[in-house]
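Student:
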Amino acid sequence: QQPVQSPQAVILREGEDAVINCSSSKALYSVHWYRQKHGEAPVFLMILLKGGEQKGHEKISASFNEKKQQSSLYLTASQLSYSGTYFCGTEMGDYGGATNKLIFGTGTLLAVQP
Amino acid sequence: DAGVIQSPRHEVTEMGQEVTLRCKPISGHNSLFWYRQTMMRGLELLIYFNNNVPIDDSGMPEDRFSAKMPNASFSTLKIQPSEPRDSAVYFCASSLRLAGGSYEQYFGPGTRLTVT
Numbered sequence: 058q059q060p061v062q063s064p065q066a067v068i069l070r071e072g073e074d075a076v077i078n079c080s081s082s083k084a085l086y087s088v089h090w091y092r093q094k095h096g097e098a099p100v101f102l103m104i105l106l107k108g109g110e111q112k113g114h115e116k117i118s119a120s121f122n123e124k125k126q127q128s129s130l131y132l133t134a135s136q137l138s139y140s141g142t143y144f145c146g147t148e149m150g151d152y153g154g155a156t157n158k159l160i161f162g163t164g165t166l167l168a169v170q171p
Numbered sequence: 098d099a100g101v102i103q104s105p106r107h108e109v110t111e112m113g114q115e116v117t118l119r120c121k122p123i124s125g126h127n128s129l130f131w132y133r134q135t136m137m138r139g140l141e142l143l144i145y146f147n148n149n150v151p152i153d154d155s156g157m158p159e160d161r162f163s164a165k166m167p168n169a170s171f172s173t174l175k176i177q178p179s180e181p182r183d184s185a186v187y188f189c190a191s192s193l194r195l196a197g198g199s200y201e202q203y204f205g206p207g208t209r210l211t212v213t
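Structure, rendered in structure tokens:
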């Protein structure tokens with residue numbers, strides 16, 4: 058039930074781009090993305106809802122393929138501050154809409170070097 | 098805005114002792130979540146509340162774990178008796194949930210629990 062993230066880790070130079078993928082075996086209502094720096098709490102980045110609506114930061118883009126139950130996070134022109142572990146959180150729906158229950162993926166460690 | 102407040106930030110205890118973790122959600126938020134994070138199991142949802150009512154506790158590992166939310170501004174997670182395998186970082190998060198939609202969660206700084 059835990060979503061699978063890929064890659065597990067990626068190393069970039071400043072200015073390079075990266076894509077992080079999240080895949081679920083369950084039908085999803087939404088996908089959430091969070092970034093966690095070492096020793097800190099996860100911080101919200103973006104929500105992608107079925108139907109195409111997105112909520113989140115302007116400088117981060119993502120996609121959600123409802124048919125495949127997959128989401129991708131696109132990090133362009135990476136900066137040193139992008140370093141951290143990225144988690145996707147998948148949410149299923151019920152008759153009332155969103156369940157509000159997130160199942161987090163295994164995480165992708167991103168290191169941006171000067 | 099003070100954000101989600103958790104206490105203590107660090108707790109070291111001996112096996113068999115009772116441990117109580119505390120959380121104050123962001124004022125006005127109506128959903129509260131307790132998570133546990135370890136290297137082996139990642140970030141796991143233990144239990145969550147909507148409007149102070151426990152909705153899903155399927156992630157609570159054993160009867161040794163219990164959580165309460167007596168009012169909108171306070172929640173506790175208790176472990177009794179504690180065991181070394183309970184060592185982890187415990188996060189509390191809150192969100193404002195409206196009419197069945199999906200909303201961002203705001204995490205507290207976490208409590209690092211070590212059981213020896």
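In the order they appear, the protein sequences are chains A and B.
Per my numbering, the very first residue in the first sequence carries number 58; after that it's consecutive.
Per my numbering, the very first residue in the second sequence carries number 98; after that it's consecutive.
Beta carbons: idealized from backbone N, C-alpha and C, even for Gly.
1) In this structure, does DSSP put Pro181(B) in helix, strand or coil?
2) Which of the three DSSP states is assigned to Ser120(A) in this structure?
3) Taking Asn147(B) and Asn157(A) to be in contact with their CB atoms under 8 Å, please state how far apart those CB atoms are, rounded to whole angstroms.
4) Ignore the nearest five residues each way along the sequence and tell me which others in Ser104(B)'s own chain have a CB closer than 7 Å to its CB.
5) Would you tell me roughly how many angstroms separate the C-alpha atoms of Asp74(A) and Ser135(A), rounded to the nearest one?
6) Who does Pro151(B) pair with in a DSSP beta bridge?
7) Here's a check: name, in chain order, each residue in its chain whose Cβ is nearer than 7 Å to the Cβ of Tyr200(B), leaving out the five neighbours to either side.
8) Taking Tyr143(A) as part of the beta strand (DSSP E), name the residues at either end of that continuous run.
9) Does the segment 61-75 of chain A come into contact with the segment 173-188 of chain B, if we say contact requires no fewer than three beta-carbon pairs (one atom in each stretch) closer than 8 Å?
10) Once the 5 residues before and after Pro178(B) are set aside, which same chain residues still bring their CB inside 8 Å of it?
Tutor: Reading off the structure:
1) Position 84 of the second sequence, counting from 1, holds the residue named residue 181(B). The answer is helix: DSSP assigns Pro181(B) an H, G or I state.
2) Mapped onto the first sequence, residue 120(A) falls at position 63. Three-state result, Ser120(A): strand.
3) Numbered from 1 along the second sequence, position 50 holds the residue referred to as residue 147(B). Numbered from 1 along the first sequence, position 100 holds the residue referred to as residue 157(A). Confirmed, about 7 Å.
4) For the purposes of this step, residue 104(B) is taken as residue 7 along the second sequence, with counting starting at 1. Excluding sequence neighbours, Ser104(B) sits near Arg119.
5) Within the first sequence, residue 74(A) is the residue found at index 17, counting from 1. Within the first sequence, residue 135(A) is the residue found at index 78, counting from 1. Rounded to the nearest angstrom, the two C-alpha atoms are 6 Å apart.
6) Along the second sequence, read from residue 1 onward, the residue named residue 151(B) stands at position 54. Phe146(B), per the DSSP bridge assignment.
7) Position 103 of the second sequence, counted from the start, is the residue given in the question as residue 200(B). The answer, listed in chain order, is Ser192, Leu193 and Arg194.
8) Along the first sequence, one-based indexing puts residue 143(A) at 86. Segment Gly141 to Asp151, the beta strand (DSSP E) holding Tyr143(A).
9) no
10) Position 81 of the second sequence, counted from the first residue, corresponds to residue 178(B). Correct list, in chain order: Met112, Gly113, Gln114, Glu115 and Arg161.
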